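K.L.:
Position one of the sequence shown corresponds to residue 89 (our numbering), numbered consecutively onward.
Even for Gly, the Cβ is constructed at its ideal location relative to N, Cα and C.
Quantities reported herein were computed from a predicted structural model and do not represent experimental measurements.
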Amino acid sequence: TSTPYFHLGTFVSWDYVVFACLFVVSSGIGVFFAVKERKNPSSEFLVGGRQMTCGPVALSLTASFMSAVTVLGAPSDVYRFGGSFVLFGVAYTFVVIATAELFVPVFYRSGITSTYEYLEMRFCKGVRMAATLIYILQTVSLIVLFLNFTFLPTVTGFNLWGSIFATGVVCTFYCTLGGLKAVVWTDAFQMVVMVVGFMTVLVQGTRKTGGAASVWEVAKNGNRLDIFDFDPDPLRRHTFWTISIGGTFTWLGIYGVNQSTIQRCISCKTETHAKLALYFNLLGLLVILVCAVFSGLIMYAFYANCDPWTAQSVTAPDQLMPYFVMEILGDYPGLPGLFVACAFSGTLSTVAASINALATVTYEDFVKQCCTNLSNKASGWISKGLCIVFGVACTTMAVAASYMGGIVQAALSIHGMCGGPMLGLFSLGIIFPWTNSMGAAGGLTLGIALSFWAGVGAFIYPALDINTRPLSLSIEGCLQTNSSDPTTSVPPSYLDPTALPSRSSLADRWYSMSYLYYSAVGFLATVTAGLLISFITGTAGLLIFITGTVCLQRRHITGTAGLLIFITGTAGLISFITGTVCSVDIQLEP
């Protein structure tokens with residue numbers, strides 16, 4: 089249905105007007121809350137006064153975790169690999185239920201501001217600091233990823249530096265002025281923009297491809313509707329099991345224990361509102377997911393006979409969606425700007441929430457630990473200063489990373505490599521009350537080591553097509569610029585066993601594991617090691633206590649040596665019992 093070598097237009101005046109409105113409204117919300125909340129203490133700046141309702145928080149959660157990576161990457165994924173991406177809806181459902189019923193009640197009742205305060209209450213200060221540093225590394229890396237709009241110059245003519253700079257400045261501006269309330273209400277507005285942008289593409293794309301029935305038929309013939317693949321092989325990129333199980337662990341690391349999520353949940357006026365926000369947010373996640381999947385199917389139906397990536401009209405898969413948008417909406421001034429505003433809305437909400445969360449954990453976990461007698465005014469200025477520092481730092485790093493493409497791919501994997509061990513660490517504290525601080529520290533160390541080993545190895549030795557299974561793309565309808573003869577694409581390389589390169593078994597097994605299992609590996613390693621170390625160190629005191637008592641009674645050991653053994657064993661026993669009781673108290677306290 090597509091003709092070759094389009095002369096795509098670039099942004100016109102109305103596109104820039106629509107696009108600018110997104111930034112103006114977002115900044116205006118920040119100014120509004122800066123004026124409205126100017127006399128409130130820093131605690132309200134960071135957690136919205138704990139008076140937020142479920143509606144705006146639900147929209148904020150959805151917008152924050154549906155970034156430009158989802159708006160642009162998910163349709164491209166469906167275009168290349170098929171509609172199995174929709175199975176993430178199963179993972180989203182499990183994640184939201186677990187977060188609402190297991191993690192949020194513990195954090196909400198603890199009265200904390202930083203999620204990592206719980207780790208000090210449950211384990212020790214060292215575990216809290218280690219977890220905070222890992223979170224900062226993870227979040228800064230993701231911000232750098234989300235700020236990279238490398239698709240814009242090639243497809244829309246939009247300036248790359250300008251897009252990164254504008255996004256960084258606007259996010260920093262309204263985060264610094266309005267705090268969490270500005271972030272939440274701006275996210276709610278940006279969520280509306282995302283849905284409107286998607287609906288515009290869905291309606292116009294369906295019309296251009298001949299209707300919904302035509303889209304469905306073309307997608308079916310191209311195997312894009314083969315959704316349910318129950319192959320249990322963990323090396324396969326996307327199957328029912330990798331998405332539903334691996335996706336659950338991956339997204340639970342985002343929702344269940346992530347500061348950005350929990351901070352907005354504890355900002356709600358009641359625990360019930362916090363839970364409702366999560367459940368309403370699930371509806372938003374499913375709406376955006378369905379829109380993204382159908383956008384990918386429509387894009388495939390439109391380019392079924394002339395794939396712009398194979399024809400080298402675009403240089404990367406991430407450029408497919410904006411290229412498609414410019415093609416179907418280019419004749420309508422302002423509509424391409426609306427969709428780019430949709431992509432930017434996802435990024436603005438994610439970056440803003442992350443900057444606010446970074447400022448919160450830095451203030452609570454580092455500044456307050458060093459300066460205990462800060463006034464409300466000083467606390468407020470420090471919190472705002474931290475927003476500026478993180479905003480400037482991340483924007484600068486994003487500009488640098490735009491010239492080093494490998495960093496972007498590495499940053500994408502860092503979330504899974506960090507999220508799983510962090511999920512395991514909090515699970516040790518909440519689910520297993522007998523875990524001690526030594527078990528927590530040892531489990532976190534092993535979990536980080538294993539997940540980074542798998543992730544970095546996969547970055548060096550990318551998975552083969554036999555595991556990723558990209559579907560065929562055709563350029564039969566395209567004409568080469570120097571010939572009148574059509575060209576055809578070759579079938580995927582995994583269909584030809586002789587085309588597979590020879591690699592080590594480690595690269596073909598451990599490094600080829602589906603990226604969705606990175607979090608599961610980190611989680612299982614952390615929990616297993618944590619329980620084992622806790623058992624060894626926790627029972628050691630009990631064994632010494634019993635041994636010392638028996639020896640003293642039988643007078644095998646007397647004097648100072650026997651007394652020291654008895655005292656050490658008693659201390660270990662008391663520590664073991666106290667740790668278990670305190671853990672249960674933290675979890676069950678109403």
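Taking 8 Å as the cut-off, decide whether the C-beta atoms of LEU207 and GLY517 are in contact.
P.N.:
On the sequence shown, position 119 is the one that residue 207 refers to. On the sequence shown, position 429 is the one that residue 517 refers to. Yes, the Cβ-Cβ distance between LEU207 and GLY517 is below 8 Å.
K.L.:
Among the residues of its own chain, which have a CB less than 6 Å from the CB of PHE121, if the five just before and after it don't count?
P.N.:
As a first step, residue 121 is located in the sequence shown; it is residue number 33 there, counting from the start. Around PHE121: GLY266, LYS269 and ALA270.
K.L.:
Considering only the alpha carbon of each residue, which of GLN278, LYS296 and SER332 lies closest to ASP419?
P.N.:
In the sequence shown, counting from the first residue as 1, residue 419 sits at position 331. Of GLN278, LYS296 and SER332, the smallest CA-CA separation from ASP419 is found for LYS296.
K.L.:
Hey, would you say GLY425 sits closer than 8 Å to ALA186, going by beta carbons?
P.N.:
Locating residue 425 in the sequence shown gives position 337, where the first residue counts as 1. Locating residue 186 in the sequence shown gives position 98, where the first residue counts as 1. Taking 8 Å as the Cβ cut-off, GLY425 and ALA186 do not qualify as a contacting pair.
K.L.:
Determine, using beta carbons only, whether MET387 and PRO163 come nearer to each other than 8 Å.
P.N.:
As a first step, residue 387 is located in the sequence shown; it is residue number 299 there, counting from the start. As a first step, residue 163 is located in the sequence shown; it is residue number 75 there, counting from the start. Against a cut-off of 8 Å, the Cβ pair of PRO163 and MET387 comes out as a contact.
K.L.:
To the nearest angstrom, how far is the alpha carbon of CYS506 from that of SER539?
P.N.:
Residue 506 sits at position 418 when you count from the first residue of the sequence shown. Residue 539 sits at position 451 when you count from the first residue of the sequence shown. In this structure, the alpha-carbon of CYS506 lies about 8 Å from that of SER539.
K.L.:
Which residues mark the beginning and the end of the alpha helix (DSSP H) in which GLU205 is found?
P.N.:
In the sequence shown, residue 205 corresponds to position 117, counting from 1. 205-210 is the span of the alpha helix (DSSP H), which, as asked, contains GLU205.
K.L.:
Please go through the same chain and pick out, in chain order, the residues whose beta-carbon is closer than 6 Å to the beta-carbon of VAL100, but skip the five residues on each side of it.
P.N.:
Here the question's residue 100 lines up with position 12 in the sequence shown. Cβ neighbours of VAL100 beyond the five flanking positions: PRO421.
K.L.:
Determine the burial state of VAL228: buried for a count of at least 16 other Cβ atoms within 10 Å of its Cβ, exposed for fewer.
P.N.:
Counted from its first residue, the sequence shown places residue 228 at position 140. Classification of VAL228: buried, given that the 10 Å Cβ count is 16 or more.
K.L.:
So if DSSP puts MET685 in a beta bridge, which residue, or which two residues, is it bridged to?
P.N.:
The structure shown does not extend to residue 685, since the chain is modelled only from 89 through 678, so no value can be given for it.
K.L.:
Beta-carbon separation of SER622 and ASN524 under 8 Å?
P.N.:
For the purposes of this step, residue 622 is identified with residue 534 of the sequence shown, where counting begins at 1. For the purposes of this step, residue 524 is identified with residue 436 of the sequence shown, where counting begins at 1. Contact: yes.
K.L.:
For LEU225, count neighbouring Cβ atoms within 10 angstroms of its own Cβ and tell me buried if that reaches 16, exposed if not.
P.N.:
In the sequence shown, the residue the question calls residue 225 occupies position 137. It counts as exposed.
K.L.:
Secondary structure at ILE231, three-state DSSP: helix, strand or coil?
P.N.:
Reading the sequence shown from its first residue, position 143 is the one you call residue 231. Three-state DSSP puts ILE231 in a helix.
K.L.:
Less than 8 Å between the CB atoms is what I'm expecting for TYR603 and ALA546, so what's the real figure, rounded?
P.N.:
Counted from its first residue, the sequence shown places residue 603 at position 515. Counted from its first residue, the sequence shown places residue 546 at position 458. Contact holds; Cβ gap of about 7 Å.
K.L.:
Compute the Euclidean distance between the alpha carbons of TYR451 and ILE470, then round it to the nearest angstrom.
P.N.:
Against the sequence shown, residue 451 aligns to sequence position 363. Against the sequence shown, residue 470 aligns to sequence position 382. Roughly 8 Å separates the two Cα atoms.
K.L.:
Would you tell me roughly how many angstroms separate the C-alpha atoms of ALA429 and LEU230, rounded to the nearest one?
P.N.:
As a first step, residue 429 is located in the sequence shown; it is residue number 341 there, counting from the start. As a first step, residue 230 is located in the sequence shown; it is residue number 142 there, counting from the start. The alpha-carbon atoms of ALA429 and LEU230 are separated by roughly 20 Å.
K.L.:
Are the Cβ atoms of LEU366 and VAL184 separated by less than 8 Å?
P.N.:
Residue mapping note: residue 366 aligns to position 278 of the sequence shown, counting from 1. Residue mapping note: residue 184 aligns to position 96 of the sequence shown, counting from 1. Going by C-beta atoms, LEU366 is nearer than 8 Å to VAL184.
K.L.:
Closest to THR438 by CA distance: which of LEU149, CYS142, PHE107 and PRO558 is it?
P.N.:
For the purposes of this step, residue 438 is identified with residue 350 of the sequence shown, where counting begins at 1. When each option's Cα is compared against that of THR438, the closest is LEU149.
K.L.:
Which residue wins for smallest C-alpha separation from GLU341, given the options VAL480, PHE153, LEU110 and SER115?
P.N.:
One-based indexing of the sequence shown puts residue 341 at position 253. According to the sequence as given, residue 341 is Gly; it is not Glu. Ranking the options by Cα distance to GLY341, first place goes to PHE153.
K.L.:
When the Cα of TYR391 is compared with those of VAL544, ILE354, VAL166 and LEU233, which residue comes out closest?
P.N.:
The residue given as residue 391 occupies position 303 in the sequence shown. Comparing Cα-Cα distances from TYR391 to each of VAL544, ILE354, VAL166 and LEU233, the minimum goes to VAL166.
K.L.:
Go ahead and pull the three-state DSSP assignment for GLU564.
P.N.:
As a first step, residue 564 must be located in the sequence shown, where it is residue number 476. Coil at GLU564, not helix or strand.
K.L.:
With TRP397 as the anchor, note down where its alpha helix (DSSP H) starts and where it stops.
P.N.:
As a first step, residue 397 must be located in the sequence shown, where it is residue number 309. Looking at the DSSP string, TRP397 is not in any alpha helix (DSSP H), and its letter there is neither H nor E.
K.L.:
Considering only residues of the same chain and omitting the five flanking positions on each side of LYS357, which have a CB-CB separation below 8 Å?
P.N.:
Taking the sequence shown and counting its residues from 1, the one referred to as residue 357 is at position 269. Beyond the five residues adjoining it in sequence on each side, LYS357 comes within less than 8 Å, by CB distance, of ARG138, GLN139, MET140 and THR141 in the same chain, given in chain order.
K.L.:
Quick check on DSSP: helix, strand or coil for LEU552?
P.N.:
As a first step, residue 552 must be located in the sequence shown, where it is residue number 464. In the structure shown, the three-state DSSP call for LEU552 is coil.
K.L.:
In three-state terms, what does DSSP make of TRP598?
P.N.:
Counting from 1 along the sequence shown, the entry for residue 598 is found at position 510. In the three-state DSSP reduction, TRP598 falls in the coil class, being neither helix nor strand.
K.L.:
Please state if the CB of THR158 and the CB of GLY334 are separated by a distance shorter than 8 Å.
P.N.:
Taking the sequence shown and counting its residues from 1, one reaches residue 334 at position 246. Taking the sequence shown and counting its residues from 1, one reaches residue 158 at position 70. For the 8 Å CB-CB criterion, GLY334 and THR158 do not form a contact.
K.L.:
Assuming GLY479 and CYS263 are in contact, meaning their beta carbons sit under 8 Å apart, how far apart are those beta carbons, in whole angstroms?
P.N.:
Position 391 of the sequence shown holds residue 479. Position 175 of the sequence shown holds residue 263. Confirmed, Cβ separation roughly 7 Å.
K.L.:
Kindly indicate which three-state DSSP category PHE390 falls into: helix, strand or coil?
P.N.:
Start at 1 with the first residue of the sequence shown, and residue 390 comes out as number 302. PHE390: helix per DSSP, three-state reduction.
K.L.:
Report yes or no: do three or more beta-carbon pairs, one from the stretch 608-619 and one from the stretch 556-568, lie closer than 8 Å?
P.N.:
no
K.L.:
What's the gap between the Cα of ARG557 and the Cα of ALA551?
P.N.:
Numbered from its first residue, the sequence shown carries residue 557 at position 469. Numbered from its first residue, the sequence shown carries residue 551 at position 463. About 10 Å.
K.L.:
Taking THR106 as the reference, which of SER560, ALA440 and GLY285 has the closest Cα?
P.N.:
As a first step, residue 106 must be located in the sequence shown, where it is residue number 18. With the sequence shown as reference, residue 106 is identified as Val, and Thr is not the correct amino acid for it. When each option's Cα is compared against that of VAL106, the closest is GLY285.
K.L.:
Under the assumption that VAL145 contacts SER355 (Cβ atoms under 8 Å), give the Cβ distance between them as a whole number of angstroms.
P.N.:
In the sequence shown, residue 145 corresponds to position 57, counting from 1. In the sequence shown, residue 355 corresponds to position 267, counting from 1. Going by Cβ atoms, the distance from VAL145 to SER355 rounds to 7 Å, so yes, they are a contact pair.
K.L.:
Could you have a look at PRO334 and say whether DSSP puts it in helix, strand or coil?
P.N.:
In the sequence shown, counting from the first residue as 1, residue 334 sits at position 246. The question names Pro, but residue 334 is Gly in the sequence shown. Correct three-state label for GLY334: helix.
K.L.:
Look up MET154 in the DSSP assignment and say whether it is helix, strand or coil.
P.N.:
Indexing the sequence shown from 1 puts residue 154 at position 66. In the three-state reduction of the DSSP assignment, MET154 falls in the coil class.
K.L.:
What would DSSP say about ARG312, mapped onto helix, strand or coil?
P.N.:
As a first step, residue 312 is located in the sequence shown; it is residue number 224 there, counting from the start. If DSSP states are grouped into helix, strand and coil, ARG312 belongs with coil.
K.L.:
To the nearest whole angstrom, what separates the beta carbons of GLN351 and ALA445, a pair I think is in contact under 8 Å?
P.N.:
The residue you call residue 351 lines up with position 263 of the sequence shown. The residue you call residue 445 lines up with position 357 of the sequence shown. Beta-carbon to beta-carbon, GLN351 and ALA445 are separated by about 6 Å, close enough to satisfy the 8 Å threshold.
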